[in-house]
Structures are given as structure tokens and as C-alpha cells.
Amino acid sequence: AQKITQTQPGMFVQEKEAVTLDCTYDTSDPSYGLFWYKQPSSGEMIFLIYQGSYDQQNATEGRYSLNFQKARKSANLVISASQLGDSAMYFCAMRELGGGYQKVTFGTGTKLQVIP
Amino acid sequence: NAGVTQTPKFQVLKTGQSMTLQCAQDMNHEYMSWYRQDPGMGLRLIHYSVGAGITDQGEVPNGYNVSRSTTEDFPLRLLSAAPSQTSVYFCASRGSTGSGATNEKLFFGSGTQLSVL
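Going down the list, the sequences are from chains A and B.
Position 61 of the first sequence, counted from 1, bears residue number 69 in the numbering used here, the numbering being contiguous throughout.
Position 80 of the second sequence, counted from 1, bears residue number 82 in the numbering used here, the numbering being contiguous throughout.
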């Protein structure tokens, strides 16, 4: 069974600094996808970044990068040059891709607060 | 392009009442799902569907029913509301063509905040 663990309930970062949000996962399927979503205080869920387990390079999307360490089963989100608008809840998620498995499992989230 | 539309945005029910949360998408997505979000527990999957006429249970299906008669619509029914169903509910869909983020990315509705008294 797939499982996602986010051990940081809350974090603070100074504006313009980089921050790493931790995510570890557990699966026995060699084929899987990892995601990060952002949820601002307004409540909507915003897709940030995706990493496939067979992707050769770490995914990047603008200021977001996913530090994928397969052997350690970690998929940390790195936000560079933090902005006040980055203050939000961040969720790590995973889907096992083998066997047509359709469920996306989410972690419990990390609340990031950016300090001016 | 409306994306995923959920209604209502807010709802208050009394224990024992029934209601249906509506979800519609206009992206021709085969996959649709319902999640509930509770403080400290992230998003938990209630039910999902991989196409019209096909549904399956997620992690927390008890107390909820779904059906999928069309590709566009995936309503969630609460048969007899209980205070434990007080939560924020999200509908999400994704496509089945393409690869990587194009295929895997979930599109979320804006959520329904439900309170059961």
C-alpha cells in the first residue's frame, strides 16, 4: 500500500531565502508518480510539480524543484527565493502507476509561512 | 474553460439529512474523484471513477454513495449525514491521454465546506 509522510507540520522561512519541504513515501511498485500541491488560505488546490519514478532528472517548474532521491524514498520540494505569496499549505502526493492503480494518496501537509 | 465546478460552496445540514454534492468537469476527463479534507489529516479519498458507469471505493467510503452516468458529472451523495462528515470536500479530475504531468495532474474544484449539526 502506498503511503506519504510529511513530518513538518509547520515551517517559517525568510523572504528571498530558499526552503525545503520534506516528503518521504513508501511503495513496492517500481512505477509511481510524485506530486506537490499548494493550498493557499483561499482554499483552492494548485498543482506545482510532478516527478515520475523513471524520470532521469529531477523535475523543475520555475522556482520549484523536486529533490528526488529514489533510494531514500524521498521527494522533497525546494522553493527558491521565497515570496510572501508562497505562504500556504503544501501537500505531497503519490500514485502507484503499475496495474492500473488509480488512487492518489496525500500526505498531511506542511504549513509554510514566509516572513518579510 | 470552467474546469471542475463544485456546488454548493457551503452547506449546513442537520444530523440524518441527506444531500448531494455536485461535481462537473468540461475537460472530457475519464478519471474523477472525491476527497475530504480534515485538519491534520490531509486529503483522503472517498470514491473515484475511471469512466461512465465505473466507480470504486477509496480510503473512507462509508456513509457516501456515488454514481457516474456521464463523463462530465460525478455527484457525491450523503445518505444520512453525521457530525463526523463535517469537512471540506473536493472533487478532482484528470485526463487519460499524454504522459507525465500532463496525464497525472489533478484538476480540483473549489471545494464544499459542509457542516453537520
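Glycine included, C-beta positions come from ideal geometry on N, C-alpha and C.
Beta-carbon proximity check, residue i vs residue j, cutoff 8 Å
i	j	result
Q39 (chain B)	C25 (chain B)	no
Y72 (chain A)	I57 (chain A)	yes
S91 (chain A)	E23 (chain A)	Going by the sequence as given, residue 91 (chain A) is Gln instead of Ser. Yes, the Cβ-Cβ distance between Q91 (chain A) and E23 (chain A) is below 8 Å.
G60 (chain B)	F92 (chain B)	no
T22 (chain B)	A83 (chain B)	no
Y33 (chain B)	Q65 (chain A)	no
T57 (chain B)	R70 (chain B)	yes
G102 (chain B)	F114 (chain A)	no
Q16 (chain A)	M97 (chain A)	no
Anticipated Cβ contact below 8 Å, residue i with residue j, distance rounded
i	j	result
L105 (chain A)	Y45 (chain A)	In fact, because the Cβ distance is near 18 Å, the residues do not count as touching under 8 Å.
N84 (chain A)	L120 (chain A)	Not a contact, Cβ separation roughly 13 Å.
L47 (chain B)	L116 (chain B)	Not a contact, Cβ separation roughly 17 Å.
S82 (chain A)	V122 (chain A)	Incorrect: roughly 23 Å between the Cβ atoms, too far for contact.
R96 (chain B)	H49 (chain B)	Rounded, the Cβ-Cβ distance is 15 Å, inconsistent with contact.
Spatial distance of residue i from residue j (CA atoms)
i	j	result
D75 (chain B)	P124 (chain A)	43 Å
Y66 (chain B)	N75 (chain A)	37 Å
Q27 (chain B)	A4 (chain B)	8 Å
V21 (chain A)	G55 (chain B)	47 Å
N105 (chain B)	G53 (chain B)	15 Å
I12 (chain A)	M19 (chain A)	18 Å
C86 (chain A)	V27 (chain A)	Here the sequence assigns Val to residue 86 (chain A), which means Cys is not the residue at that position. Distance between the alpha carbons of V86 (chain A) and V27 (chain A) is about 6 Å.
D63 (chain A)	F99 (chain A)	21 Å
L81 (chain B)	V68 (chain B)	11 Å
S98 (chain B)	G70 (chain A)	25 Å
Q19 (chain B)	F55 (chain A)	34 Å
G51 (chain A)	A79 (chain A)	34 Å
P85 (chain B)	L119 (chain B)	6 Å
M53 (chain A)	T35 (chain A)	24 Å
G42 (chain B)	S49 (chain A)	15 Å
Chain-order list of residues whose beta-carbon lies under 6 Å from that of residue i (same chain, five-residue window excluded)
i	result
A94 (chain B)	S35, L108 and F110
T116 (chain A)	Q14
R79 (chain B)	T22 and N67
Same chain, Cβ closer than 8 Å to residue i, neighbours up to 5 away in sequence not counted
i	result
V112 (chain A)	F43, A101, M102 and R103
A67 (chain A)	I57, Y58, Q59, S73, L74 and F76
K11 (chain B)	S112, G113, T114 and Q115
T73 (chain B)	N30, H31, E32, G53 and A54
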